[in-house]
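Some notes on the structure that comes next.
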C-alpha cells in the first residue's frame, strides 16, 4: 500500500500526539539545509544550529529553519536531531549535545563512515541511529541547499540489534517523507 507524503507525515504526527514533529539540525550546509527545507515544507518545525551566526541568519532569512542559533541549547525541545557536521565532528557534537537532549530524543547523523560513529554514538546515546543519505551536489554550504535533494535517493540507516524499535520506526517514517529509498543494514 503506497501512502502519499501527507499521509506519511500524519503517521509521524500521530506518534507525537497529533502535534508537529520538531526537527533539530546541527550543521546547516548542503545536507542540513536541504533537510530543513524538506521538513519545513511538510509543516514540521525546524531548529538549526551552525558554527557561524551569519549561517544562522541566512538559514532563517531563506526560510530553511524556524529558529537558528550557534548554541546547541536551542535543540532542547527537538524530537529528532540530525547531526550534519563533518565526520570528525559527529562524536564531539553528540557529546556536547547530550546535556540538552530529552530522554525521548532520537539522534541520527548523515556521515558516510558508520562503524566508529555508530559504535561510539550508540554508547553515548541509546536512541542514536546511524544514517547516511546518498545525495548531494558539487556545491556546498547553506547557499547550495535545495528542496527535494533526497527524493528518490538512497538513504541508509544502520540500526543495531539493541536499537529502540519505536525510534527506528519513527526515523524510517521521516526518511520516507523525504521521498528517499530507504535501506537498512549493519554499520559494517
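Residue numbers (our numbering): 1 to 188. Beta carbons are placed, not taken as given, at the ideal position from N, Cα and C, and that holds for glycine. Just so you know, these numbers come straight off a predicted model, no measurement behind them.
| Check | Outcome |
| --- | --- |
| What separation, rounded to the nearest whole angstrom, lies between the Cα atoms of residue 2 and residue 175? | Low per-residue confidence applies at residue 2: pLDDT is 41, beneath 50, and the placement is therefore not dependable, though the value from the model is reported in the following sentence. For residue 2 and residue 175, the distance between alpha carbons rounds to 15 Å. |
| Could you tell me whether the Cβ atoms of residue 82 and residue 35 are closer together than 7 Å? | yes |
| Is it the case that the stretch 69-86 contacts the stretch 44-52, given that we only count it when at least three CB pairs across the two stretches are under 8 Å? | yes |
| Count the other C-beta atoms from every protein chain shown that fall within 10 angstroms of the C-beta of residue 18, then say buried if there are 16 or more, exposed otherwise. | Unreliable placement is indicated for residue 18, whose pLDDT of 37 sits below 50; the coordinate value is still reported in the next sentence. It counts as exposed. |
| What residues in its chain sit with their C-beta under 6 Å from that of residue 179, if we drop five residues either side in the sequence? | 151 |
| Hey, how far is the Cα of residue 184 from the Cα of residue 21? | 23 Å |
| Work out the CA separation of residue 170 and residue 68 for me, nearest whole Å. | 24 Å |
| Does DSSP classify residue 109 as helix, strand or coil? | strand |
| Helix, strand or coil, according to DSSP, for residue 32 in the structure here? | helix |
| To the nearest angstrom, how far is it from the Cα of residue 167 to the Cα of residue 88? | 25 Å |
| So, does the stretch 120-134 touch the stretch 91-110, judging by three or more C-beta pairs under 8 Å? | yes |
| Going by C-alpha distance, which of 39, 52, 26 and 177 is nearest residue 86? | 26 |
| Just verifying my parser: in three-state terms, what is the DSSP assignment at residue 103? | coil |
| Going by DSSP in three states, residue 150 sits in which element: helix, strand or coil? | coil |
| Below 7 Å between beta carbons: does that hold for residue 142 and residue 33? | yes |
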